[in-house]
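See below for the structure under consideration.
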Amino acid sequence: MEIDLGKRIEVAAGRKKADLVIKNGKIIDVFNADIINGDVAIVDGFIAGVGKYSGEREIDADGCYISPGLIDGHVHIESSMVTPQEFAKVLLIHGVTSVISDPHEIANVAGKKGIQYMLESSKDLPVDIFIMLPSSVPAADFEHAGASLESEDLKPFYQEPRVLGLAEVMNFPGVKTADKKMLAKIKEAKKAGKRIDGHAAGLSADDLNVYMASGIRTDHECTTVMEARERLQKGMYLMIREGTVAKDLKNVIGVVNQQNSRRCLFVTDDKHLDDIMDEGSIDFNVKLAIQSGISPITAIQMATFNAAECYGLTNKGAVAPGYEADLLLIENLTEMSISTVFKSGREVVANRRLLPNHLADSTTDFANLSETVSFPELEPTLLNLPLKGRKSNLIGIIPNSLVTHHIVEEVEVDEDGMFEPSIENDQLKVALIERHKMTGHIGLGIVKGLGLKSGAIASTVAHDSHNLVLCGTNDQDMILAANEIKKMQGGLIVVKNGYVLARLELPIAGLMSPLSYQEVYSKLKVIDKALEQLGANKDFNPFLTLSFLALPVIPEVKLTVQGLFHAGTFLAYRYRCRRCLIMCFLKRRHLLLFSLQIGLIRKKSHLFGHNRAYWLLCGNTALNSIFRLSQSLRASPVMIIGIYKDLPRLPFTCYLS
């Protein structure tokens with residue numbers, strides 16, 4: 001719509017009535033962290049002035065605070081498991097009028113088709129959904145995702161006005177080694193004049209120098225005050241996260257003070273629909289921050305103006321002339337009780353209820369994103385986990401955190417040396433099944449802390465490659481869960497004693513449901529009840545916790561479709577194998593031998609794809625030679641899995657491709 005500046009000026013000057021005037025409100029001044037009195041005059045979706053005005057329609061704020069609409073600075077919409085259309089409806093109730101979305105979940109399944117779907121399904125909604133293009137699809141080169149995106153794949157999307165930049169750069173090793181493909185993506189974003197988001201999980205202050213030298217300016221992975229302070233000192237925008245699994249706000253908010261608060265904003269990152277509906281979105285972040293000692297005005301400033309400024313949204317985030325009329329009426333700041341929401345001057349929420357006239361149902365076609373779950377028939381023996389002795393590596397869950405512990409402890413084994421889950425010791429079997437390309441890869445591990453007392457759960461939401469992740473107390477229920485997920489073509493499922501207790505079908509790329517948010521919410525509540533029957537830990541969401549066990553770019557130990565992986569050292573390891581540091585994936589005619597000792601391996605045919613894998617034990621001195629020779633031989637690709645100077649004397653190895 002063409003902007004009528006003349007009309008806006010006439011209204012601002014008081015020579016013409018506004019379309020809408022909000023009176024008798026306490027206006028939150030995000031520029032000076034203050035509260036002022038005055039009317040807010042709105043014309044054609046923009047604020048014409050703040051002062052004394054009359055309008056064609058006038059609303060009495062009755063002493064409510066008038067706030068800018070809230071902004072989520074980093075979110076994966078797919079984690080809500082509803083479409084963007086339904087997601088927008090839920091956000092409006094909680095005062096969120098703009099989000100910065102990274103569609104790398106669906107991109108890992110469907111590549112460019114997934115990004116296009118998110119762009120199409122998120123346009124012309126009563127919430128502004130901006131897009132950051134996925135930088136790391138797959139999240140790491142050795143991952144088995146459904147797609148791979150290079151710089152040339154992303155380039156055309158920069159022409160879309162709602163695309164603001166390159167999303168979280170998870171491939172820090174690629175940045176540090178100046179990997180050509182990684183740098184090409186960063187350069188293309190810079191060339192287009194776009195922003196670049198970070199993902200600096202566990203990076204030291206020295207590593208941040210390398211990271212930020214590439215042009216990355218944000219981080220949402222801080223879990224401690226020390227990490228947060230380091231990022232602020234380097235000039236990063238600090239994104240303070242409170243999601244379903246990652247609940248970092250209370251651990252990080254202590255770093256915020258009067259001097260640095262303008263460099264801080266709020267994000268949810270990944271949050272389930274039921275958690276958004278039950279506790280809130282960014283409004284919940286604001287509420288927690290206030291409870292933690294941040295002044296209400298500063299907290300709202302962080303949730304509005306700071307986020308807008310971070311992404312160059314110069315017309316958003318303030319109640320001031322020339323800004324978009326995305327406004328909230330808040331009865332109580334401490335409780336963030338939002339009664340009314342205006343989007344571009346239109347009233348979309350009144351008395352805490354959605355007004356239906358502006359809310360379209362999900363209509364975007366997703367036919368080319370269905371039928372995405374495919375894997376060979378499961379045989380019981382494929383879930384056998386052989387161990388050499390009783391001491392083994394475990395994934396230790398940290399409640400409400402994406403980070404895990406690396407645990408080494410004794411486990412139960414049967415007479416054949418196969419791992420036996422122990423409910424008493426909270427040691428369960430976890431599996432990750434490749435579901436995109438029928439490779440037959442199955443990664444197995446042991447997890448401690450999930451708390452299931454019976455049955456099994458499974459999900460095709462498994463960050464970031466979104467293969468099929470399952471965990472259980474017995475193989476029979478795990479196999480049933482996997483087979484049912486395949487029939488559903490994606491979703492969540494709870495199984496006990498050979499029966500399905502609850503399920504949620506997610507046919508859109510195995511990630512989202514086409515149902516209304518109310519229907520999905522109801523199904524999630526049924527799943528919660530079913531989890532209670534399994535004795536699951538109630539302190540965190542088992543499904544979302546399980547989904548992040550498959551993300552190898554976040555410390556410490558994670559599971560891939562080839563086995564366990566140590567994110568801190570980029571070291572992969574399995575059970576019953578020799579120690580090794582570097583693995584190369586090679587074409588059939590090439591073999592690189594930079595080894596001090598070649599570890600013995602036992603081939604498993606179902607683990608081999610079209611490449612051969614060779615196991616090498618190498619030191620740091622061989623690294624540059626490997627890169628040079630691999631390039632001359634055109635070995636494609638060479639994967640550096642780890643360099644680990646003081647290897648523990650445990651059964652380590654790399655895994656097969």
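Note that the sequence shown covers residues 1 to 657 in full-length UniProt numbering. Ideal Cβ positions, reconstructed from N, Cα and C, are used throughout, including at glycine. Note that the structure is a prediction, hence the values are computed from the model and not measured.
Asked, Found
"N- and C-terminal bounds of the beta strand (DSSP E) containing residue 427", "427-433"
"The stretch 37-56 contacting the stretch 73-92, beta-carbon criterion three pairs below 8 Å", "no"
"Every unbroken alpha helix (DSSP H) inside the stretch 439-515 [4 residues or more]", "475-488"
"Reference residue 537; option with closest CA among 508, 422, 400 and 184", "400"
"C-beta contact flag for residue 289 and residue 266 at 9 Å", "yes"
"Classification of residue 131 by the beta-carbon crowding that lies within 10 angstroms, buried from 16 upward", "buried"
"Distance, residue 258 Cα to residue 150 Cα", "41 Å"
"Residue 255 - DSSP class collapsed to helix/strand/coil", "helix"
"For residue 658, the residue or residues it bridges with in DSSP", "The first residue shown for the chain is 1 and the last is 657, placing residue 658 beyond what the model contains."
"Best match in 143, 221, 185 and 171 for proximity to residue 158 [C-alpha to C-alpha]", "185"
"Inter-stretch contact (C-beta, 8 Å, three-pair minimum) for the stretch 269-277 and the stretch 299-317", "no"
"Close-in-space but distant-in-sequence residues of the same chain around residue 111 (CB under 8 Å, 5 per side omitted)", "137, 146, 147, 148, 149 and 153"
"Check whether residue 53 and residue 41 have beta carbons under 9 Å apart", "yes"
"Contiguous beta strand (DSSP E) assignments of at least 3 residues, all confined to the stretch 224-303", "237-241 and 264-267"
"Continuous alpha helix (DSSP H) stretch holding residue 8: start and end", "5-12"
"Residue 135 to residue 497 span [Cα, whole Å]", "42 Å"
"Whole beta strand (DSSP E) elements within the stretch 63-99, 3-residue minimum", "65-68 and 70-75"
"Enclosing alpha helix (DSSP H) for residue 151 [first to last residue]", "151-154"
"Alpha-carbon to alpha-carbon, residue 99 and residue 299", "17 Å"
"C-alpha distance - residue 334 paired with residue 29, whole-angstrom precision", "17 Å"
"Residue from 524, 484, 494 and 302 with nearest C-alpha to residue 69", "302"
"Residue 484 beta carbon near the ligand FMN (any heavy atom closer than 8 Å)", "This structure simply doesn't include the ligand FMN, nor any ligand for that matter."
"Proximal residues to residue 192 (C-beta, below 6 Å), its chain only, five neighbours per side dropped", "158"
"Expected contact under 8 Å - CB spacing of residue 531 and residue 494 to nearest Å", "6 Å"
"Beta-carbon gap between residue 125 and residue 342 smaller than 9 Å", "no"
"Residue 26 versus 512, 443 and 319, residue with shortest Cα-Cα distance", "319"
"Inter-residue spacing [alpha-carbon to alpha-carbon] between residue 172 and residue 355", "45 Å"
"CB contact flag (residue 444, residue 459, <9 Å)", "no"
"Proximity of residue 378 and residue 457 at Cβ, strictly below 9 Å", "no"
"Buried or exposed (CB count within 10 angstroms, at least 16 for buried), residue 380", "exposed"
"Residue 623 (DSSP reduced to helix, strand or coil)", "Any reading at residue 623 must be qualified, since the residue scores a pLDDT of 36, below 50, and its modelled position is unreliable; no value is offered."
"Residue 109: first and last residue of the uninterrupted beta strand (DSSP E) it sits in", "Residue 109 -> not in any beta strand (DSSP E); alpha helix (DSSP H) instead, spanning 104-110."
"Assigned exposure category for residue 628 - 16 Cβ within 10 Å defines buried", "Confidence at residue 628 is low in this model, with a pLDDT of 39, below 50, so its placement is unreliable and the value that follows should be read with caution. Result: exposed."
"Residue from 414, 442 and 324 whose Cα sits closest to the Cα of residue 375", "442"
"Segments of 3+ residues assigned as beta strand (DSSP E) that fall wholly inside the stretch 131-198", "163-169 and 195-198"
"For residue 207, the three-state DSSP class (helix, strand or coil)", "helix"
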